[in-house]
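Here the structure is laid out as structure tokens; the discussion comes afterwards.
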Amino acid sequence: MYASRNLLAAVASAIIATSLVQASPNMVPDYEVKLLMNPTVVLGTDFKLKPTVLSTFSMPTTVTKMNVQFLDKSNEEIYNAGWSPRIRKIEDEDDFELTYKKRYPITNGDINAALTTANTEGFDSGDTGYEAQVEWGYQKQTLSISREKSSSDSGYSGMDLPNQSDSRDYLIDEAPDKFDDWLYNNWGTTALASARIFGPILAKRSIGTWSGLQLYIEVWPIKNAAGTGIEYIVEASFKTTSATTAASKQADLITLLTNKGWFLAQDSLKTQLIMERY
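Those letters in the sequence shown? Residues -23 to -1, 1 to 255, per mature numbering (1 follows the signal peptide of the UniProt record, and there is no 0), in order.
Following this line, the structure appears as structure tokens:
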């Protein structure tokens, strides 16, 4: 009896040790710095970027259109669980882009803590289908973990997005297991089956360069809080694989935008505004 108990203890220890060794490391994120610009200063009366803004970042006058909508139940069950299923159509690209994004707040700049939390919930370096990104704003940081899929845009033309029924079908058909089974089996697809559209928003993107990086400025016309008109969100952003670069260039870009009188010292909360106002 004693020997068998020792054997069981040894086996248990071995299993625990093996599981510890096999625990996958955290995901490795890239970084997207997003800073707001004052729309009343940088946009002309036509709500396009002023020539001085375009020339500062070597941007052409041409833009790329992006039509975006989110799906959720009216009680925002999916969003409140930290997920955002999105459908996007980018100008001159085939198919609809489907994105399932899970958000984790980053507290006091502790990116590793957020990555570790995500790891305990099943997102680790072995998840090759998912991409981790730190969305780095003015004061706020968020970890987003996204799964990209696509669906045919057959039957739709130009920048049109799918109607509610098709949107549900596309997102249900491509739903990844982690999203679908987040709270319980088939949770995600069950919620999507009774979801409605939040949006759409037809945004415009300008692409230029700054400090050796590709810089984007996007103009998002979002319904205002009263629902009586449009509020323009203007967001400058760049991507990097280095946290050090993200930190230093974020400070540099804030300085530049501030010196130009273009900076809006707030965090960008586009998705939150869309969920609140549509």
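Ideal placement from N, C-alpha and C gives every residue a C-beta, glycine not left out.
Just tell me which of the options has its CA closest to the CA of residue i.
| i | options | result |
| --- | --- | --- |
| S127 | I251, E70, R173 | E70 |
| L179 | T41, A213, E9 | T41 |
| L250 | A228, D23, I210, T22 | I210 |
| F24 | T218, A203, R182 | R182 |
| N201 | D229, E253, D157 | E253 |
| Y255 | G204, P6, T218 | G204 |
| Q110 | T97, E151, T218, A228 | T218 |
| G135 | Y8, L26, K66, I55 | K66 |
| D154 | S171, G99, T221 | G99 |
| residue 274 | E53, I88, L233, P28 | Nothing can be reported for residue 274: it is not among the residues displayed for the chain, which extend from -23 to 255. |
| N85 | T97, K117, Y56 | K117 |
| N163 | T29, Y8, I55 | I55 |
| V149 | V30, S171, Y133 | Reading the sequence as shown, one finds Ile at residue 149 and not Val. The shortest C-alpha separation from I149 is found at S171. |
| Y133 | V30, D143, L230 | D143 |
Within its chain, find whatever has a CB closer than 6 Å to the CB of residue i; leave out the 5 residues flanking it on each side and keep chain order.
| i | result |
| --- | --- |
| D146 | none |
| G114 | K11, D244, S245 |
| N190 | What sits at residue 190 in the sequence shown is Leu, not Asn. Closer than 6 Å at the Cβ level, and outside the excluded window around L190, lie F215. |
| F34 | G185, W187, L192 |
| Q(-2) | Reliability of the predicted coordinates at Q(-2) is poor, the pLDDT of 46 falling under 50, and the value obtained from them is presented with this limitation in mind. Closer than 6 Å at Cβ, skipping near neighbours: no residue. |
| R63 | F47, T76 |
| G59 | K79, R80 |
| R(-19) | With a pLDDT of only 44 at R(-19), under 50, the local geometry of the prediction cannot be trusted, and no value is derived from it. |
I need the boundaries of the alpha helix (DSSP H) containing residue i, first residue and last residue.
| i | result |
| --- | --- |
| M252 | 247 to 254 |
| V142 | This sequence places Ser at residue 142; Val is not what is there. 141 to 150 is the span of the alpha helix (DSSP H), which, as asked, contains S142. |
| S54 | Reading off the sequence, residue 54 comes out as Glu, not Ser. Note, E54: alpha helix (DSSP H), 54 to 57. |
| A109 | No alpha helix (DSSP H) holds A109; the beta strand (DSSP E) holding it covers 107 to 113. |
| P16 | 16 to 19 |
| A220 | 220 to 237 |
So residue i and residue j are in contact, right, with Cβ under 8 Å, and what is the actual spacing, rounded?
| i | j | result |
| --- | --- | --- |
| S129 | D72 | 6 Å |
| S51 | R173 | 6 Å |
| N44 | L138 | 5 Å |
| L120 | N3 | The pair is not a contact, with the Cβ atoms about 10 Å apart (cut-off 8 Å). |
Less than 8 Å between the beta carbons of residue i and residue j, yes or no?
| i | j | result |
| --- | --- | --- |
| L241 | M36 | no |
| I83 | Y107 | no |
| W239 | V18 | yes |
| D169 | L48 | What sits at residue 169 in the sequence shown is Leu, not Asp. Result yes, Cβ atoms of L169 and L48 sit closer than 8 Å. |
| I194 | A213 | yes |
| Y81 | A95 | yes |
| F175 | G165 | no |
| E125 | E9 | no |
Quick one: give me the first and last residue of the beta strand (DSSP E) that residue i is part of.
| i | result |
| --- | --- |
| E208 | 207 to 217 |
| W164 | From DSSP, W164 is part of no beta strand (DSSP E) but of the alpha helix (DSSP H) over 164 to 169. |
| N44 | 41 to 49 |
| L120 | 118 to 128 |
What do you reckon, is the C-beta of residue i under 7 Å from a heavy atom of the ligand NAP?
| i | result |
| --- | --- |
| D244 | This structure does not include the ligand NAP; it has no bound ligands of any sort. |
Using a Cβ-Cβ cut-off of 8 Å (strictly less than) and excluding sequence neighbours within five positions of residue i, which residues of its own chain qualify?
| i | result |
| --- | --- |
| G103 | S1 |
| T167 | none |
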